[in-house]
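J.: My structure is below; once you've seen it, I'll send some questions.
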Amino acid sequence: MLKIPELLDNLETELKRIIDQRKLVNPLIIGIRTGGVWIAEQMHRRLNISEPLGLLDISFYRDDFSQIGVNPNVKPSQLPTNIEGRDIILIDDVFYTGRTIRAAMNEIFDYGRPNQIVLAVLIERDGRQIPLCPDCVGAGVKLTAGQRIKLTGPEPLDVHLETIDAVA
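And the structure:
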């Protein structure tokens, strides 16, 4: 199935291409907790970015916050206090509905208006609900009903396909 080294290599190649194409200057890499942070750490190292890595916890920005309540493992986001005019590479592990990315962008804009945001994900799967799509993808997959992708890590970093039992 999906192998982490190959996915990371593909994502790195795509990011290098888009950094050059869109002329990103001193980009700030931001990873979405938790799996996105693991991937962002890898890309930060591979791309030799000097700027410290940004960490984003979108728990309070989710559109289902009022329904599911507070995640007991909420950690503070760690971003520069001013991202006005910055080029940002936003990284997550799996792109599914687009809702996580919408929440992440809402939080980023609370810190300022970036020059541009490049969205990079390790895996893009089918099921989009919001009109967003990644700029860089390690791999795309189509899943059947009841399947999902689970990233585990950070050491070792691995990806698994899981089957969810249907509730009767």
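Residues are numbered in the working numbering as their position in the sequence shown, beginning at 1, plus a constant of 792.
Glycine included, each C-beta is placed from N, C-alpha and C at the ideal position.
1. When burial is assigned at 16 or more other CB atoms within 10 Å of the CB, is residue 905 buried or exposed?
2. Below 8 Å on the Cβ atoms is my contact criterion, and I expect residue 918 with residue 942 to pass it. Report the Cβ-Cβ distance as a whole number of Å.
3. Would you give the residue range spanned by the beta strand (DSSP E) that residue 912 belongs to?
4. My guess is that residue 885 and residue 910 are in contact by the Cβ rule of under 8 Å, so how many angstroms apart are they, rounded?
5. Less than 8 Å separating the beta-carbons of residue 892 and residue 850?
6. Starting from the Cα of residue 846, find the closest Cα among 838, 852 and 825 and give me that residue.
7. Just the Cα atoms here: how many angstroms apart are residue 860 and residue 903?
8. Reducing DSSP to helix, strand and coil, say where residue 860 ends up.
9. Whole angstroms is fine: what's the gap from residue 951's alpha carbon to residue 944's?
10. Spatial neighbours of residue 877 within its chain, please: C-beta separation below 6 Å, excluding the five flanking residues on both sides.
11. Taking the continuous beta strand (DSSP E) assigned at residue 834, which residues delimit it?
T.: Quick look at the numbers:
1. Position 113 of the sequence shown holds residue 905. An exposed status is given to residue 905, since fewer than 16 other beta-carbon atoms sit within 10 Å of its beta-carbon.
2. If you number the sequence shown from 1, residue 918 lands on position 126. If you number the sequence shown from 1, residue 942 lands on position 150. About 16 Å separates the CB atoms of residue 918 and residue 942; that is not less than 8 Å, and the two are not in contact.
3. The sequence position of residue 912 within the sequence shown is 120, counting from 1. Here the beta strand (DSSP E) through residue 912 covers 908 to 917.
4. Here residue 885 refers to the residue found at position 93 when the sequence shown is read from its first residue. Here residue 910 refers to the residue found at position 118 when the sequence shown is read from its first residue. Cβ atoms of residue 885 and residue 910 stay farther apart than 8 Å, at about 16 Å.
5. Walking along the sequence shown from the start, residue 892 turns up at place 100. Walking along the sequence shown from the start, residue 850 turns up at place 58. Yes, the pair counts as a contact, with Cβ atoms nearer than the cut-off.
6. Position 54 of the sequence shown, counting from 1, holds the residue named residue 846. Residue 825 holds the alpha-carbon nearest to the alpha-carbon of residue 846 among 838, 852 and 825.
7. The residue labelled residue 860 in the question sits at position 68 within the sequence shown. The residue labelled residue 903 in the question sits at position 111 within the sequence shown. The predicted model places residue 860 with a pLDDT of 49, which falls under 50 and marks its position as unreliable; any figure quoted below should be read in that light. The alpha-carbon of residue 860 is positioned some 25 Å away from that of residue 903.
8. On the sequence shown, position 68 is the one that residue 860 refers to. Bear in mind that a pLDDT of 49 at residue 860, under 50, signals an unreliable position, so the model cannot answer this.
9. In the sequence shown, residue 951 corresponds to position 159, counting from 1. In the sequence shown, residue 944 corresponds to position 152, counting from 1. For residue 951 and residue 944, the gap between their C-alpha atoms comes out near 6 Å.
10. For the purposes of this step, residue 877 is taken as the residue at position 85 of the sequence shown. Shown here for residue 877: same chain residues with a beta carbon closer than 6 Å to its own, the five before and five after excluded, namely 907 in chain order.
11. Counted from its first residue, the sequence shown places residue 834 at position 42. First-last for residue 834: 827 to 838, but that is the alpha helix (DSSP H), not the beta strand (DSSP E).
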